[in-house]
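A.B. asks: Mind looking over this structure? Questions follow.
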Amino acid sequence: MIHLKKKTAESEIAVVYVAESAEGHPLEFVESVQPPIPQEEKWVLIISTLYGCPVHCRFCDAGHFYRGPVPLEDLLEQVEIMVQPRYPDRVIPVSKFKIQLARMGEPAFNPAVLDFLRILPETYDAPGLLPTLSTIAPASADRFFRELIEIKQSLYPKHFQMQFSIHTTDEARRDWMIPVKKWSFSAMADYGMDFYQTGGRKITLNFALAEHQPLDPDVLLKYFNPDSFLVKVTPINPTARALENGLASHVHRQASSYPVIDRIREAGYDVILSIGDWEENAIGSNCGQYITNYMKAEKKVEGYSYPLKPV
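Structural data, given as structure tokens:
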């Protein structure tokens, strides 16, 4: 059981919820839309799978503590807290109802995520349901990923979004950005070929791209077939960790084009450049932004100007 403590002020873009487990462990979850697309057409829920995170990625604020995996009932309750005010009968007629396992924590460290994915279709009447799992592909999670393929093939053959968070094609820089043992590019490519089904969604290679971080199309082509993989480029968000580690974003909303992205497209990849509304930084709804860490930080970062209010 989780106890909702606070949430950010209402916004037309996103709301961040701050809760605690029965043991007092904090977690966050988010609901968001993508203007001008109305909520009835696209609604995104982003939930936490761990209480904190043990990975300590260099730009993510969720890793300043770790209290273990979120149990199944608390995974479901995060969704329920956001669904009930809009759809109390659990019938969700949203064209694209996206549930992202991507807020706090590496989902492959939590076996309950697999049970969550199994039970989700019978919990909600949601024809537009699109689960999304974002992972760094930790080396210790082979069994998790094997079971994930079985679940995807049986329950979500055409409607599952798998994302590997890579951030750079330079292996040494990747090890610095994500300081845990993880799959090689070759291992991710082999798994992706087993995971991908013709007619389904391509597997996303996500790059939260910092300045001076290589994104080399030749490296991508060596491992990842453009017929099965696409590339997504996002900013490095203005988090406390990014500030501490001197990481500045390579992509910004002001720029209209980027040579590095042009080269990836020329190599044959579909490329998504995903730059959200700047208000998301003020709200703290962007991936890697952890409100409670911001509240404790000695050095404040730009953003987080939306007040938290008691629930």
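For the sequence shown, this note's numbering begins at 593 and goes up steadily by one.
All residues carry an ideal CB built from backbone N, CA and C; glycine is no exception.
Predicted model only: the values in this text are computed from it and were never measured.
Touch check for the segment 684-695 and the segment 716-732: three-plus C-beta pairs under 8 angstroms?
C.D. replies: They touch, by the three-pair rule.
A.B. asks: Does the Cβ-Cβ distance between THR727 and SER757 come in under 8 angstroms?
C.D. replies: For this step, residue 727 is matched to residue 135 along the sequence shown. For this step, residue 757 is matched to residue 165 along the sequence shown. The answer is yes: Cβ separation under 8 angstroms.
A.B. asks: For the putative contact between LEU619 and MET674, defined by C-beta atoms under 8 angstroms, what is the C-beta separation to the nearest angstrom?
C.D. replies: For the purposes of this step, residue 619 is taken as residue 27 along the sequence shown, with counting starting at 1. For the purposes of this step, residue 674 is taken as residue 82 along the sequence shown, with counting starting at 1. LEU619 to MET674, Cβ: 13 angstroms. No contact.
A.B. asks: Is GLN805 helix, strand or coil when you go by DSSP?
C.D. replies: Position 213 of the sequence shown holds residue 805. Correct three-state label for GLN805: coil.
A.B. asks: Straight-line CA distance for PHE744 to GLN789?
C.D. replies: Residue 744 sits at position 152 when you count from the first residue of the sequence shown. Residue 789 sits at position 197 when you count from the first residue of the sequence shown. Inspection of the sequence shows that residue 744 is occupied by Lys rather than by Phe. For LYS744 and GLN789, the distance between alpha carbons rounds to 10 angstroms.
A.B. asks: With a threshold of 16 other CB atoms inside 10 Å of the CB of VAL903, please say whether the residue is buried or exposed.
C.D. replies: Position 311 of the sequence shown, counted from the start, is the residue given in the question as residue 903. Exposed, by the Cβ-count rule.
A.B. asks: Which runs of the alpha helix (DSSP H) fall wholly inside the segment 722-796 and span at least 4 residues, in chain order?
C.D. replies: Runs found: 734-747, 763-769 and 777-787.
A.B. asks: Excluding five sequence neighbours on each side, which residues of the same chain lie with their C-beta closer than 8 angstroms to the C-beta of HIS617?
C.D. replies: By one-based count along the sequence shown, residue 617 stands at place 25. The residues are TYR643, GLY644, ARG659 and GLY660.
A.B. asks: Which residues in the same chain as PHE657 place their Cβ atom closer than 7 angstroms to its Cβ, once the five residues preceding and following it in sequence are excluded?
C.D. replies: Start at 1 with the first residue of the sequence shown, and residue 657 comes out as number 65. So the list reads GLY644, once near-sequence residues are dropped.
A.B. asks: Where does the unbroken alpha helix (DSSP H) through THR641 begin, and where does it stop?
C.D. replies: Here residue 641 corresponds to residue number 49 of the sequence shown, with the count starting at 1. Element bounds for THR641: n/a, residue is neither H nor E.
A.B. asks: Measure from the alpha carbon of ASP653 to the alpha carbon of each residue in LEU865, ALA606, SER841 and ASN829, then state which is nearest.
C.D. replies: Along the sequence shown, read from residue 1 onward, the residue named residue 653 stands at position 61. Among LEU865, ALA606, SER841 and ASN829, the Cα nearest to that of ASP653 is on ASN829.
A.B. asks: Taking the beta strand (DSSP E) that PHE621 falls in, what are its first and last residues?
C.D. replies: Here the question's residue 621 lines up with position 29 in the sequence shown. Residues 618-624.
A.B. asks: Evaluate contact between the segment 632-643 and the segment 760-767, counting only Cβ atoms and requiring at least three cross-stretch pairs below 8 angstroms.
C.D. replies: Cβ pair count under 8 angstroms is below three, so no.
A.B. asks: Within its chain, find whatever has a CB closer than 7 angstroms to the CB of ASP786; leave out the 5 residues flanking it on each side and keep chain order.
C.D. replies: For the purposes of this step, residue 786 is taken as residue 194 along the sequence shown, with counting starting at 1. Correct list, in chain order: ILE741.
A.B. asks: Which of the three DSSP states, helix, strand or coil, is assigned to GLN670?
C.D. replies: For the purposes of this step, residue 670 is identified with residue 78 of the sequence shown, where counting begins at 1. DSSP places GLN670 in helix when its eight states are reduced to three.
A.B. asks: Just tell me which of ARG855, LYS634 and VAL607 has its CA closest to the CA of ASP810.
C.D. replies: The sequence position of residue 810 within the sequence shown is 218, counting from 1. The shortest Cα separation from ASP810 among ARG855, LYS634 and VAL607 belongs to ARG855.
A.B. asks: With which residues is LEU596 paired in a DSSP beta bridge?
C.D. replies: Numbered from 1 along the sequence shown, position 4 holds the residue referred to as residue 596. Answer is ALA611.
A.B. asks: So, with DSSP's three-state summary, where would you put GLU660?
C.D. replies: Taking the first residue of the sequence shown as position 1, residue 660 is located at position 68. This sequence places Gly at residue 660; Glu is not what is there. Of the three classes helix, strand and coil, the one that applies to GLY660 here is strand, per DSSP.
A.B. asks: Of all the options ALA704, ALA700 and TYR748, which has the alpha carbon lying nearest to the alpha carbon of PHE737?
C.D. replies: The residue labelled residue 737 in the question sits at position 145 within the sequence shown. Looking at the Cα atoms, ALA700 is the closest of the given residues.
A.B. asks: Check whether the Cβ atoms of ASP904 and ILE594 sit closer than 8 angstroms, and answer yes or no.
C.D. replies: Residue 904 falls outside the range modelled here, since the chain spans only 593 to 903, and no answer is possible.
A.B. asks: Beta carbon of ALA601, beta carbon of VAL622: below 8 angstroms?
C.D. replies: On the sequence shown, residue 601 is found 9 positions in, with the first residue counted as 1. On the sequence shown, residue 622 is found 30 positions in, with the first residue counted as 1. No, these two residues do not count as a Cβ contact at 8 angstroms.
A.B. asks: Distance, Cα to Cα, LYS891 vs PHE651?
C.D. replies: Here residue 891 refers to the residue found at position 299 when the sequence shown is read from its first residue. Here residue 651 refers to the residue found at position 59 when the sequence shown is read from its first residue. With a pLDDT of 49 at LYS891, under the threshold of 50, the modelled position of this residue cannot be trusted, and the question is left open.
A.B. asks: What span of residues does the beta strand (DSSP E) with PHE689 cover, start to end?
C.D. replies: Here the question's residue 689 lines up with position 97 in the sequence shown. 688-693 is the span of the beta strand (DSSP E), which, as asked, contains PHE689.
A.B. asks: Looking at C-alpha atoms only, which residue of VAL636, VAL625, VAL647 and LEU797 is the closest neighbour of ILE864?
C.D. replies: Position 272 of the sequence shown, counted from the first residue, corresponds to residue 864. Closest option to ILE864, Cα to Cα, is LEU797.
A.B. asks: Which residue comes first and which comes last in the beta strand (DSSP E) that contains THR826?
C.D. replies: Stepping through the sequence shown from its first residue, residue 826 is reached at position 234. From DSSP, the beta strand (DSSP E) with THR826 extends over 821-826.
A.B. asks: Let me check one thing: in DSSP terms, what residues is ILE864 bridge-paired to?
C.D. replies: What you label residue 864 is simply residue 272 of the sequence shown in a count that begins at 1. Beta-bridge pairing links ILE864 to LYS824.
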